[in-house]
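2 protein chains.
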Amino acid sequence: MVVGDEILSGRTQDTNTSFIAKWLNERGVRLCEVRVVPDIQTEIVAALNALRGRYDYVFTTGGIGPTHDDITADAVAAAFGVPIDYHPQALEILNAHYAPGEFTEARKRMARIPQGAELIENPVSKAPGFHIGNVFVLAGVPMIMQAMLESLSHHIAGGQKMLSACIGGAVAEGHVAEALGILQGQYPDVSMGSYPYFRPPPRGEEGVLPVYGVNFVLRSIDPERLSAAAEAVRSMIRAHGATPEDRD
Amino acid sequence: MVVGDEILSGRTQDTNTSFIAKWLNERGVRLCEVRVVPDIQTEIVAALNALRGRYDYVFTTGGIGPTHDDITADAVAAAFGVPIDYHPQALEILNAHYAPGEFTEARKRMARIPQGAELIENPVSKAPGFHIGNVFVLAGVPMIMQAMLESLSHHIAGGQKMLSACIGGAVAEGHVAEALGILQGQYPDVSMGSYPYFRPPPRGEEGVLPVYGVNFVLRSIDPERLSAAAEAVRSMIRAHGATPEDRD
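Those protein sequence lines, which keep their order, are chains A and B.
The first sequence begins at 824 in the working numbering and counts up one residue at a time.
The second sequence begins at 824 in the working numbering and counts up one residue at a time.
This is how it looks when you write it as structure tokens:
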């Protein structure tokens, strides 16, 4: 759950989602849904309660700073129906971090943590995140969010790692779609996605699409099945007169 | 609503959301929520029904190509409880576009449109999007999505355009938070967001944050109030010993 008017206004490009998705993949956990919600308490509460009831883990980013628009901690407390107050350890961390006289009332806001939550260390700017139940509350600034996430590995009970392969080829989706559908039927344990790419036409040739191709993304927890499916996709691309290329 | 396993896996960075958000802002429409859902029909149906019941407009991206993983049109039909079949005009457009023998069965899939929907023109690769009720179904490839969106201006009853200003300054959030909260109280009709930025420390100085500052983003439909609030924020930054900078 991404909390932030700045994402919904289009001003800030969210990059936390893809970072968290990849980090979870490494641990054998799949990201199943993302919601971006505004800085409005009732919206955060409703989305969080829907998500935490449904999924094993929920990660939130944004809204835990010292200003009036940082309302995530209060919203999480409201969602869990618990009080929120200054957390002694959070106060201690922040008090030690700031120079004398610098631990302002506004900064003290960042030590307000829902009852029953455990702190998540913030090695970058010290103000902690927290986790409560199956919800992990992280900062919105990517560098800080990433540092917080790194400390969470031991909290995540992962499954088998999802492996993937990407094979591209200068084919048209409409030509290979039938063959790909048959392959998907033969490999039900390997999910096959098909992503066409286009390049904008050169000046003066607007409306023409001279370069195109398709990236086929295969995903499976079984390395042998993935490898066999990848070879089948390469054959399919060759059978359509193109050269398969393994891509990242 | 972003439909796509490729976004949830972290492989593809979604950029459609911020494009649509800005396009809507220009028309005086605010993006209120985003959901990213997997290529699973029941998930798409549930999310779409929740969103279309709640908001004036819903835009979907992704899942309208010719391959087996393109299931958005079927899911939209299911969400609206209407049948889906080949749309005569869509068949005509695609038939005219492809060379003889090239209009494959797979490509015909792209002419399957829920009953009662109107087509959205695709000047890039011809396969149309569609709109039904308050839902606009667009392609996932950004270049195609953007071209489709441009044709929709006359369908959107916009409000007053949301104006914004961004003023940055080398201040700490914890220092200005109190003053900013007071300003927000004085300008309830101007939403004030506070977004700290950090730069990674140079090598050898890890753990130190030498450069930081805050961008203050102000948003209002009233240009005079926005301008007055921006001047108040500039004064606030100056009062904290820094030089305000107007930013994009």
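Just so it is clear, CB atoms sit at the ideal spot from N, CA and C, and this is done for glycine as well.
These figures come from a predicted structure and were not determined experimentally.
Asked                                                                                                                              : Found
Contacts around B:P1046, its chain only, beta-carbon distance under 8 Å, and the 5 residues preceding and following it disregarded : L986
Proximal chain A residues relative to B:S976, where beta-carbon distance stays under 8 Å                                           : In chain order: nothing, as chain A lies at least about 17 Å away.
Beta-carbon gap between B:F871 and B:V899 smaller than 8 Å                                                                         : Per the sequence presented here, residue 871 of chain B reads as Leu, with Phe not at that position. Yes, the Cβ-Cβ distance between B:L871 and B:V899 is below 8 Å.
Where A:T895 sits in the DSSP three-state scheme                                                                                   : helix
A:H978, DSSP secondary structure in three states                                                                                   : helix
Bridge partners - A:P937, DSSP secondary structure assignment                                                                      : A:I907
Cutoff 6 Å; reference A:E1068; Cβ partners in own chain excluding five residues on either side                                     : G991
Check: A:E928 C-beta below 7 Å from any heavy atom of the ligand COA                                                               : Because no ligand of any kind appears in the structure shown, any question about the ligand COA cannot be addressed here.
B:K984 at chain A interface by Cβ criterion, 8 Å                                                                                   : no
Enclosing alpha helix (DSSP H) for B:F842 [first to last residue]                                                                  : 839 to 849
Contact list for the segment 829 to 857 of chain A against chain B, Cβ threshold 9 Å                                               : E829, I830, L831, S832, G833, R834, T835, Q836, D837, T838, T840, S841, F842, I843, A844, K845, W846, L847, N848, R853, L854, C855, E856, V857
Limits of the alpha helix (DSSP H) - the one that B:A988 falls within                                                              : Premise fails: B:A988 lies in the beta strand (DSSP E), 986 to 992, not in any alpha helix (DSSP H).
Beta carbon proximity, A:M1015 to chain B, threshold 8 Å                                                                           : yes
Stretch pair the segment 908 to 926 of chain A + the segment 945 to 952 of chain A: three plus CB contacts closer than 8 Å         : yes
Within-8 Å CB hit, A:D892 to chain B                                                                                               : yes
Host alpha helix (DSSP H) of B:P1046 (start-end)                                                                                   : 1046 to 1062
Through-space distance from B:G924 to A:I830, alpha-carbon basis                                                                   : 45 Å
Neighbourhood of B:S1014 by C-beta distance below 6 Å, restricted to the same chain and skipping five residues each side           : R1042
Best match in B:G1016, B:L914, B:Q864, B:G876 for proximity to B:D893 [C-alpha to C-alpha]                                         : B:Q864
Partners in chain A for B:Q969, counting only beta-carbon separations shorter than 8 Å                                             : Per Cβ cutoff of 8 Å: no residues; B:Q969 is ~11 Å from chain A at best.
Under 9 Å from the C-beta of B:H910: neighbouring residues of chain A                                                              : The premise fails here: B:H910 is roughly 17 Å from chain A at the closest Cβ pair, so nothing lies under 9 Å.
N-terminal and C-terminal residue of the alpha helix (DSSP H) that B:N872 is part of                                               : 864 to 877
Under 8 Å between C-beta atoms of A:V857 and A:T838                                                                                : no
Interfacial residues, the segment 925 to 940 of chain B to chain A, with Cβ spacing under 7 Å                                      : T927, E928, A929, R930
Where B:Y878 meets chain A, residues with beta-carbon distance less than 8 Å                                                       : None at all; the shortest Cβ gap to chain A is about 12 Å.
Three-state class that DSSP yields for B:L1041 in the structure shown                                                              : strand
When A:D828, A:A940, A:I979, A:I907 are compared against A:L854, the one with the closest alpha-carbon                             : A:I979
Endpoints, beta strand (DSSP E) assigned at A:R955                                                                                 : Looking at the sequence itself, residue 955 of chain A is Ile, so the reference to Arg does not match. Start and end: 952 to 955.
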